[in-house]
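Student: Order-wise, the sequence lines are chains A and B.
Here the first sequence stands for residues 1 to 245, numbered as in this note's numbering.
Here the second sequence stands for residues 1 to 213, numbered as in this note's numbering.
Glycine included, every Cβ here is placed at the ideal spot set by N, Cα and C.
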Amino acid sequence: MSRKIYPDAASALAGITFDGMTVMSGGFGLSGIPENLIVALRDSGAKDLTVIGNNVGCDGHGMWLVLANNQIRKVLASYVGENKILEQRYMTGEIEIEFNPQGTLAERIRAGGAGIPAFYTRTGYGTKVAEGKETRQFPNPDGTLDWYVMETGLTADIALVKAWKADTEGNLVYRKTARNFNPMIATAGRITIAEVEEIVEVGELDPNQIHTPGIFVQRLIKGTNYVKHIERVTTRPRPTSQESN
Amino acid sequence: MAWTREQMAARAAKELRDGYYVNLGIGIPTLVANMIPDGMTVTLQSENGMLGMGPFPYEGEQDADLINAGKQTITELPQTSYFSSADSFGMIRGGHIQLSILGGMQVDEKGDLANWMVPGKMIKGMGGAMDLVAGVPRVVVVMDHREKGGDPKFLKACTLPLTGKGVVDLLITDLAVFEIDRRGGGVKLTELADGVTLDELRACTGAAFTVAL
Numbered sequence: 001m002s003r004k005i006y007p008d009a010a011s012a013l014a015g016i017t018f019d020g021m022t023v024m025s026g027g028f029g030l031s032g033i034p035e036n037l038i039v040a041l042r043d044s045g046a047k048d049l050t051v052i053g054n055n056v057g058c059d060g061h062g063m064w065l066v067l068a069n070n071q072i073r074k075v076l077a078s079y080v081g082e083n084k085i086l087e088q089r090y091m092t093g094e095i096e097i098e099f100n101p102q103g104t105l106a107e108r109i110r111a112g113g114a115g116i117p118a119f120y121t122r123t124g125y126g127t128k129v130a131e132g133k134e135t136r137q138f139p140n141p142d143g144t145l146d147w148y149v150m151e152t153g154l155t156a157d158i159a160l161v162k163a164w165k166a167d168t169e170g171n172l173v174y175r176k177t178a179r180n181f182n183p184m185i186a187t188a189g190r191i192t193i194a195e196v197e198e199i200v201e202v203g204e205l206d207p208n209q210i211h212t213p214g215i216f217v218q219r220l221i222k223g224t225n226y227v228k229h230i231e232r233v234t235t236r237p238r239p240t241s242q243e244s245n
Numbered sequence: 001m002a003w004t005r006e007q008m009a010a011r012a013a014k015e016l017r018d019g020y021y022v023n024l025g026i027g028i029p030t031l032v033a034n035m036i037p038d039g040m041t042v043t044l045q046s047e048n049g050m051l052g053m054g055p056f057p058y059e060g061e062q063d064a065d066l067i068n069a070g071k072q073t074i075t076e077l078p079q080t081s082y083f084s085s086a087d088s089f090g091m092i093r094g095g096h097i098q099l100s101i102l103g104g105m106q107v108d109e110k111g112d113l114a115n116w117m118v119p120g121k122m123i124k125g126m127g128g129a130m131d132l133v134a135g136v137p138r139v140v141v142v143m144d145h146r147e148k149g150g151d152p153k154f155l156k157a158c159t160l161p162l163t164g165k166g167v168v169d170l171l172i173t174d175l176a177v178f179e180i181d182r183r184g185g186g187v188k189l190t191e192l193a194d195g196v197t198l199d200e201l202r203a204c205t206g207a208a209f210t211v212a213l
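#1: Determine the direct distance from the alpha carbon of Ile28(B) to that of Ser244(A), and round the result to whole angstroms.
#2: Per DSSP, which residues does Cys204(B) bridge with? Please list them.
#3: Under a Cβ-count criterion, where at least 16 other Cβ atoms within 10 Å of its own Cβ denotes burial, should Ser25(A) be classed as buried or exposed?
#4: Is Asn245(A) helix, strand or coil by DSSP?
#5: Would you mind working out which of Gly150(B), Glu191(B), Ala157(B), Leu160(B) sits nearest Leu170(B), comparing C-alpha positions?
#6: The stretch 110-130 of chain A: which residues have C-beta closer than 8 angstroms to a C-beta of chain B, in chain order?
#7: Under 7 angstroms between C-beta atoms, does Pro137(B) make it to chain A?
#8: Are Ala118(A) and Thr155(A) closer than 7 angstroms when you measure CB to CB?
#9: Is Met126(B) close to chain A, meaning its C-beta is less than 7 angstroms from at least one C-beta of that chain?
#10: At 3 residues or longer, what runs of the beta strand (DSSP E) sit wholly inside the stretch 66-91 of chain A?
#11: If distances are taken between C-alpha atoms only, which option among Arg182(B), Asp151(B), Cys158(B), Met122(B) comes closest to Val133(B)?
#12: Can Glu98(A) and Leu76(A) be called in contact, C-beta distance under 7 angstroms?
#13: Determine the direct distance from the alpha carbon of Ala14(A) to that of Ala9(B), and round the result to whole angstroms.
#14: How would you list, in chain order, the residues of chain B whose beta-carbon sits under 8 angstroms from the beta-carbon of Ala77(A)?
#15: For Phe18(A) and Leu145(A), what's the separation of their Cα atoms in angstroms?
#16: Rounding to the nearest angstrom, what Cα-Cα distance links Met53(B) and Val187(B) in this structure?
#17: Would you say Thr135(A) reaches chain B, if we count a Cβ-Cβ gap shorter than 7 angstroms as a contact?
#18: Check Trp3(B) in the structure and name its three-state DSSP category.
#19: Let me make sure I understand the geometry here. Which of Pro7(A), Gly170(A), Gly223(A) has the alpha-carbon closest to that of Gly214(A)?
#20: Can you give me, in chain order, the residues of the stretch 108-120 of chain B that have a beta carbon less than 7 angstroms from any beta carbon in chain A?
#21: Taking only three categories from DSSP, how would you classify Asn182(A)?
#22: To the nearest angstrom, report how far apart Gly81(A) and Lys124(B) are at their CA atoms.
#23: Can you give me, in chain order, the residues of the stretch 144-163 of chain B that have a beta carbon less than 9 angstroms from any beta carbon in chain A?
#24: For Asn36(A), which residues of its own chain have a beta-carbon under 6 angstroms away from its beta-carbon, when the five flanking residues on both sides are left out?
#25: Could you work out which residue in Met50(B), Leu160(B), Gly104(B), Ala176(B) is closest to Gly126(A) when comparing CA atoms only?
#26: Which of the three DSSP states is assigned to Gly214(A) in this structure?
#27: Are the Cβ atoms of Lys148(B) and Gly206(B) separated by less than 7 angstroms?
#28: Can you tell which of Asp157(A), Leu30(A), Asn100(A), Gly113(A) has the C-alpha that lies nearest to the C-alpha of Glu131(A)?
#29: For Glu134(A), I'd like the list of residues in its chain whose CB is within less than 6 angstroms of its CB, leaving aside the five on either flank, ordered along the chain.
#30: Under 7 angstroms between C-beta atoms, does Met184(A) make it to chain B?
#31: Using a Cβ cut-off of 7 angstroms (strictly closer), state whether Asn180(A) contacts chain B.
#32: What are the start and end residues of the alpha helix (DSSP H) that includes Glu47(B)?
#33: Counting only the same chain and skipping the five closest in sequence on each side, list residues whose C-beta sits under 8 angstroms from that of Gln102(A).
#34: Looking at the C-beta of Ala86(B), does it have a partner C-beta in chain A at a distance below 7 angstroms?
#35: So, are the CB atoms of Phe22(B) and Leu44(B) less than 7 angstroms apart?
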């Protein structure tokens with residue numbers, strides 16, 4: 001048995017959660033979220049969490065479970081719609097939300113994981129997002145100057161990611177748009193825990209096709225009972241046999 | 001008579017060029033995906049990490065691992081690629097996406113855009129809108145010309161919190177099309193919906209503009 005593999009999500013989180021910790025969690029909407037680890041985080045009972053991710057689940061799903069269990073104090077996200085409990089607790093001041101432009105959030109996490117304390121971006125200049133932050137000008141290739149905002153890198157005590165497949169060394173492969181924030185989040189955790197749909201032996205994944213190298217993954221579980229709820233099932237009618245001819 | 005949503009989207013589709021990589025926002029801009037002229041190759045980017053967005057899947061073939069930025073199920077094409085959110089916004093911020101078509105709440109004559117929050121109301125967040133307007137070289141906004149109560153949305157200066165400062169190049173409303181010089185060179189009215197008079201337009205527009213019909 002690989003030293004990284006744990007029997008389930010609860011054992012992978014045992015002994016490393018604490019009140020006031022910062023947790024990052026992958027996913028875009030409900031696509032590519034670590035379903036099993038989120039349930040285990042809820043069951044851990046750790047409170048006053050700062051949660052970093054693109055979203056905070058939506059009614060009844062994903063990180064909403066942790067939110068509904070009164071464990072979250074602060075959120076860093078780019079979009080928090082379709083989440084009534086979060087809406088209520090934000091309006092009453094029980095939860096603080098720091099809104100980040102989606103690309104800035106992705107880059108802050110990437111930077112944090114890559115040992116870069118801060119960077120400058122044009123995104124958000126002249127808006128509320130830039131208030132209180134250092135700004136400065138940099139030249140464009142044509143010599144004109146543009147204003148940029150300094151943003152800082154982000155890291156977390158625990159990073160939770162969802163991939164499609166892993167080998168026993170923790171090398172990860174994601175599937176389609178379920179990749180999203182997971183690769184950066186995997187790099188930014190003091191302890192990164194990955195859950196996957198299938199764990200294979202080393203050598204079975206093509207080394208050319210690894211998305212996240214195993215160095216970033218400290219703990220690994222095979223997830224079970226995936227719901228993979230779709231927020232907006234959108235389809236088109238099948239062509240009739242005449243049309244398809 | 002005011003243009004319909006479909007007519008506004010069709011006008012926005014005229015901004016597409018062969019070979020463009022394009023990001024479409026939610027709402028009317030999404031309709032542009034169905035209006036790419038025959039013979040033109042346009043690649044649609046989805047900010048959650050996909051280039052080459054295909055149509056909606058047939059019923060029963062939807063895949064929870066394959067959604068667009070509006071969380072709708074979609075399909076892939078032979079040329080599709082997938083990547084992380086950091087790479088996605090690298091494309092956007094780095095100027096590699098040629099055109100972004102977005103919705104708006106307010107636009108002003110300096111090209112400022114507000115489309116993410118109304119003070120006192122629940123804020124859902126800006127998502128990728130601030131990155132798109134900051135990084136994409138050409139930004140087209142498609143929105144109604146007036147609020148439901150009749151107040152103008154194209155203003156001298158936005159009153160709502162901004163998404164970006166000096167970022168809009170073209171504004172398409174249900175009444176008219178305006179070219180905006182985002183470096184402060186003013187606004188030109190270039191098209192007017194059939195049956196709408198200049199006086200009617202002026203009466204419901206807060207921004208100053210020159211007429212170049």
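Tutor: Once the coordinates are examined:
#1: Only weak support is given to the placement of Ser244(A): the predicted model assigns it a pLDDT of 48, under 50, and the value that follows is read from those uncertain coordinates. Rounded to whole angstroms, Ser244(A) to Ile28(B) spans 29 angstroms at the Cα level.
#2: DSSP, once it has assigned bridges, lists no residue as partnering Cys204(B).
#3: Buried is the call here.
#4: In this prediction, Asn245(A) scores a pLDDT of 43, lower than 50, which makes its location untrustworthy; the coordinate-derived value is nonetheless stated afterwards. In the structure shown, Asn245(A) sits in coil (DSSP, three-state: anything other than H, G, I, E or B).
#5: Closest by C-alpha distance to Leu170(B), out of Gly150(B), Glu191(B), Ala157(B), Leu160(B), is Glu191(B).
#6: Residues of the stretch 110-130 of chain A that bring their beta carbon within less than 8 angstroms of a beta carbon in chain B comprise Arg110, Thr121, Arg122, Thr123, Gly124, Tyr125, Gly126, Thr127, Lys128, Val129, in sequence order.
#7: At a cut-off of 7 angstroms, the C-beta of Pro137(B) has no neighbouring C-beta in chain A.
#8: No; because the gap between Cβ atoms is not below 7 angstroms, this pair is not in contact.
#9: Under the 7 angstroms criterion on CB atoms, Met126(B) is classed as interfacial with respect to chain A.
#10: Segments of the beta strand (DSSP E) lying fully in the stretch 66-91 of chain A: 72-77.
#11: When each option's Cα is compared against that of Val133(B), the closest is Arg182(B).
#12: Cβ atoms of Glu98(A) and Leu76(A): closer than 7 angstroms.
#13: Across the structure, Ala9(B) and Ala14(A) are spaced so that their CA atoms are roughly 53 angstroms apart.
#14: By Cβ distance, chain B contributes Gly125.
#15: In this structure, the alpha-carbon of Phe18(A) lies about 46 angstroms from that of Leu145(A).
#16: Going from the Cα of Met53(B) to the Cα of Val187(B) covers about 34 angstroms.
#17: Chain B contact via Cβ: absent.
#18: Trp3(B) falls in the coil class under three-state DSSP.
#19: For Gly214(A), the nearest C-alpha among the options comes from Gly170(A).
#20: Going along the stretch 108-120 of chain B in chain order, one finds no residue with a Cβ nearer than 7 angstroms to chain A.
#21: In the structure shown, the three-state DSSP call for Asn182(A) is helix.
#22: Our two residues, Gly81(A) and Lys124(B), have alpha carbons roughly 5 angstroms apart in a direct line.
#23: Legend: CB atoms of the stretch 144-163 of chain B lying less than 9 angstroms from CB atoms of chain A belong to residues Pro161, Leu162, Thr163.
#24: Excluding sequence neighbours, Asn36(A) sits near Ala9, Glu195, Gly223.
#25: When each option's Cα is compared against that of Gly126(A), the closest is Leu160(B).
#26: Reduced to three states, the DSSP call for Gly214(A) is helix.
#27: It is not a contact, given that the beta carbons lie outside the stated cut-off.
#28: Selected option, being the one with the closest Cα: Asn100(A).
#29: Met150.
#30: Yes - at least one Cβ of chain B is within 7 angstroms of the one on Met184(A).
#31: Closer than 7 angstroms to some Cβ of chain B, the Cβ of Asn180(A) qualifies, so yes.
#32: Annotation for Glu47(B): no alpha helix (DSSP H) segment contains it, and DSSP assigns it neither H nor E.
#33: The beta carbon of Gln102(A) sits closer than 8 angstroms to the beta carbons of Asn54, Ser78, Tyr79 from its chain, once the five residues preceding and following it are set aside; these are given in chain order.
#34: So, interface residue.
#35: Rather than Phe, the amino acid found at residue 22(B) in this sequence is Val. Going by C-beta atoms, Val22(B) is nearer than 7 angstroms to Leu44(B).
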